[in-house]
Each structure stands twice: as C-alpha cells, then as structure tokens.
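Worksheet: the structure to be examined is printed underneath.
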Amino acid sequence: MNKRMKKRIKINKLISLETSVDEVVVKGWVRTRRDSKGFSFIEVNDGSCLKNIQVIADNSLDNYDEITRLITGSAVAVSGSLEESPGGGQKWEVHAKSIEIISIAPETYPLQKKRHTDEFLRTIAHLRPRTNKYGAAFRIRSELSFAIHKFFKDRGFSYIHTPILTGSDCEGAGELFQVTTLDMKNVPSIDGNIDYSHDFFGKEAGLTVSGQLSAEMFALALGDVYTFGPTFRAENSNTSRHVAEFWMIEPEMAFCDLEQDMDLAEEMLKYLAGVVLENCAEDIGLFAKFVDKQLMNTIETLLSSDFKRITYEEAVKILEKSKKKFEYDVAYGKDLQSEHERYLTETHFKKPVIVYNYPKAIKPFYMRQNDDGKTVAAMDILVPRIGEIIGGSQREERLDVLEARIKEMALPMEEYWWYLDSRRYGSVPHSGFGLGFERLLMFLTGINNIRDVIPFPRTPKNIEF
RNA sequence: UCCCCAGUAGCUCAGUCGGCAGAGCAGGUGGCUGUUAACCACCGUGUCCGUGGUUCGAGUCCGCGCUGGGGAGCCA
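Have a look at this one:
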C-alpha cells in the first residue's frame, strides 16, 4: 500500500497568508540556492505565481549533504513552518523540518538563473515555461482565455464549437492545410488528377482558416454567438506576427450593424485589458519592468481613450498629408501597408484606431456593400506596436447582392449553397469580427514575437515539440 | 517568397591588419557570509554552423548551403 502523498499548499496562497503557520508543505522546483554558515537558502518556485518562496534548510537536517547538491531545476517537497523573514525582499520564509528531494537536475540543465535570450529559449520551448518571463506569459494567457468566455457569457452570447476540419476552400481567408488519409506513396489518380473519391471524406479536406461562415449560421439561430478555437493558415509567412496555428476569437451577432460591431470590439479590448491589470498585476509588472517600459502607458491609453474611428478614405487623406516618406505609396484603392497602419495608430493618433469602409475590391465577398457602390462595411482595429489586431465587418445579408458578388469574384457558387440558404430564409443584418488571441497577448504583455506567446509555435519548417 | 544582419565554450558575447582560441555567467573544489542576479580564490570546457575555394598560413577573405533574427508581402 502506498503512503498517501502529502497535500501541498501553492506558493501564491502561501505568500498571501496573514499569520505564521506551524505546518506547511511546499512542493516545487529549485530556482537557486545560496549557502550560508550552518544553513542554506533555497528559492523554490511552483509556477502558481511569479514569486519564489525562500526555504531555510538547517545543516541539522539529516540529508543536508544532499541538500547542498541541489542545483537549479531540481524538484523538492519541503515540510516546515511558515515564519516571518528577518531578511529584506520577502515577507515569509519556510523553515524546513524536512526536505524530500524528488529529483536532482544534473548540471546539464540548460536554464540558468541569469537572463536567457528569447531565441535560445525558443530552442528549448519544452523548458521555457519554467522561467519567470514565460511562466508569467502563460499564466496571463490562461487568465485572458477565461476572461474572454466571461465577457461573452455576461453579455448573453453562446459559445459555438465550429469545425476544425473543413470540406472546401470556400472560406477564402488564406492557404489551407490539406488533410488526407490517402497513401502519399501511392496516390490514386483519375485523368492525371488526384482522385479524392478514395480519400477519407470523399473530397478534398483541410484545416479551418476561420470559423466565421459556420458562426454566421448559428448567429442566425441563437442570436449572439462566438467561437474561440485554433485556426490554421498554410501561408509561408516568416514574421514576428504570424504562426501557422493560432487561436482566434470570432463573435457573430444577429441584428447588428457595423457600428455596433465596432462598439463591441472596443468594449471587449478594454474589458480584457482591465482584467489583465486587475488579475495579473504581478505578472504584468514583470513585462512593464523588463520587456516593454511603455507597456503600462499603452494599456492605460487603451483603457481611457475612445478609439479613433475613421473611414478608409479619411485614412488615406491623413497619410497623404503626413508628408512622411513611406516605402510604399499611399493611394485610394490600395490596401494600407503595415507602415501606414502603424503611422496612424502610433504617430498620428497615438491610440487605437478603427479604420472602416474599405474599397470592396480589396475585401472578401461576404462583406456588406455600402450604398456608395464602391466600399464595404469592413473595419480593422489598429493598435500601437502590433498593427491590425481585429478585422471584422457587417456581412452581406441580401441574397441577390451576395450572389452577384460571388459571381463577380468567380467563386464556385455551388459550394456556398448552405451559406446562401441563410440569406434565403429569414436573413437579417448581422456582423462580426476576428480577434487574434496571440496578437492580443503580444499587445498586453509587450512581447514582440508571436512565437513567444504560444506554448509550442508552429511556423514554416518548424514543428518541433 | 523577397531584402538585410548574424552563427566562436552549456549560456551571453569579445576576437585588432589573415599569424598559437578569449572573458563573464553556469558547473566543480575550497573559503566567507541571514543570503537574495550573494561574495572571494582556484579548476575544466571548443567540428570557431557546414562545404568548396584563395593563401606559406583562414574564426577572420570569397562562393554555395543550412540555421536563427529583423523588415516586407499574405493576414489574425
């Protein structure tokens, strides 16, 4: 019969206690150890918070020899009393009555107590959550995920699980990863083309690039819905803002126009920023201190200012009048470049900017055409440092206009039969947007590479871990 | 995919004009100390990314490739 494992108290609870405690059990990993005359200071972290607990190991402990061999990365279970610390730097410390060494990390443990570069840590992505910075980032990621669900729940939205496997390329938001069970060494063919009738689904299949079209069907049934799940893009993008697998939040609202869409997006960003400041103060503090000195300022600005809303046409005029030399020229009808977007939000307005009513030629088929005949009810939210963080639109609810648009863009009409059905039966004005979860995390932490806010990033030529 | 930059010890980096491969940190040993990026002394560490070339001689110069980073495009 196994002995019952001792129940531990997590360090975040422990350090917030008001009074000393005779008996506590702390389990975690050694961050560093400092020897003193007759005893040793051990810094233990268990991932529940940024702070370590300082453990005092007296040389009267029967395994003290072994304790002095504990190096960074080793795992321990400490039983002892919680006492006020006479030293500066921490309120509490644990005076160990016994220390069980669960495992000793050899000196090959790659993490040191000094600072490592993000590039190096990316090569040991399986160990990097054990560092202060990444531990903080992933605690914030978790908190933010929860807050997103709460935001929508509080507002009466239903959470929809849209499919990850998709049957056709009609989503049009990017290159699809193909999914197949065909034997790649012996692909069946017909008239020189691959015969997908032998494939698992009997036709070409891929991983979703967006849950939007599915979410629209549910918005037209349940009213206000959202999705929050993984999204896949097989683009050969090599930037600090793109990964092949990322998480996206896509609300979709019935009886909602573009203005209300923008209202919700703005409210949501402010809510999430508030949650992070409130619930992750200590972890955010690390980023404000070591990663981005402007972080608090940026978040405060987001919280306190009304987002500047301008039309695409106004944006182009501002950029033309700016006299700034851009690498790419600004012209009506051309999409805004990263440098243009950043100029608007970072230099001109110095706060989040919503650009809306884009020329229809540069936007997808499903966006609602405006009465001017040349623009669509689209909106992008631009924030400092990141650029585009949200893209959304009012959807085209008029069947004839939508069909004409599909024809105009030479898309396969028959693939959209079910999508068009929603406009055939009880169609109503509706709107939605997509928020890139990782980009939100970058914005709220100051982390400047998207590969560092997702546990195991997938990018071209990189699927390790 | 395009443009630019980089690759030297476990990590971070220096390496002059082409002439014997270096430091700090981490690790080990000893000392000191209610310490806290602890401190002091000593010790070990190399496919200089790979490959081909120029040269008496290449970490250093040239070509090609690989990997990483920054920027651009695609977008979230």
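So the first sequence is numbered by my numbering: it starts at 16 and just counts up by one. Note that the Cβ used here is the ideal one computed from N, Cα and C, for glycine as well.
In the DSSP assignment, N60 falls within the unbroken beta strand (DSSP E) covering 54–60.
Secondary structure of R19 (DSSP, three-state): coil. For G407, the enclosing beta strand (DSSP E) begins and ends at 402–409. Distance from the CA atom of N27 to the CA atom of I264, rounded to whole angstroms, is 30 Å. The DSSP-derived three-state label of S173 is strand.
Residue state for S255 is assigned as coil, using DSSP reduced to three classes. Here DSSP, grouped into helix, strand and coil, assigns S94 to strand. Cα atoms of E418 and A236: separation of roughly 22 Å, rounded to the nearest angstrom. Less than 8 Å separates the beta-carbon of L359 from that of L397. Runs of the beta strand (DSSP E) lying entirely within the segment 214–242, each at least 3 residues long, are 220–222 in chain order. Comparing alpha carbon positions, the residue from W432, C64, G407 closest to R154 is C64.
At least 8 Å separates the beta-carbon of F341 from that of H363.
In the DSSP assignment, Y371 falls within the unbroken beta strand (DSSP E) covering 368–374. Per DSSP, the beta bridge partners of P266 are Y241. For the 8 Å CB-CB criterion, Q409 and A425 do not form a contact. Counting every other CB atom within 10 Å of its CB across the protein chains shown gives W432 a total below 16, marking it as exposed.
The C-beta distance from Y371 to Y327 rounds to 7 Å, short enough to fall under 8 Å. Exposure of Q193 is indicated by the presence of fewer than 16 other C-beta atoms within 10 angstroms of its C-beta. For M283, the enclosing alpha helix (DSSP H) covers residues 273–294. A distance of 8 Å or more separates the beta carbons of A140 and E115. Of E479, P101, F166, the smallest CA-CA separation from A288 is found for F166.
Inter-residue distance for M20 and T177 is about 41 Å (C-alpha atoms, whole angstroms). DSSP, read as helix, strand or coil, puts R49 in strand.
Look at R357 here: in three-state DSSP terms it is helix. The segment 238–250 makes contact with the segment 265–275: 3 or more CB pairs, one atom from each, lie closer than 8 Å. Nearest neighbour of R454 by Cα position, chosen from Y343, G348, H257, T87, turns out to be H257. Comparing alpha carbon positions, the residue from K106, I117, I179, T83 closest to V41 is I117.
When rounded, the separation of the alpha-carbon atoms in I86 and G104 is 21 Å. For A346, the number of other beta carbons within 10 angstroms of its own is below 16, and it is reported as exposed. Check the Cα spacing between H131 and each of E122, P121, Y149, A120: the tightest is with Y149.
Taking 8 Å as the cut-off, the beta carbon of V306 is found closer than this to the beta carbon of I462.
Residue environment: Y381 is assigned as buried (16 or more neighbouring CB atoms within 10 Å of its CB, all protein chains considered).
Only buried fits V331, as 16 or more other CB atoms lie within 10 angstroms of its CB.
Secondary structure note for S437: its alpha helix (DSSP H) is the uninterrupted segment 432–439. According to the DSSP assignment, M382 belongs to no beta strand (DSSP E), since it is labelled neither H nor E.
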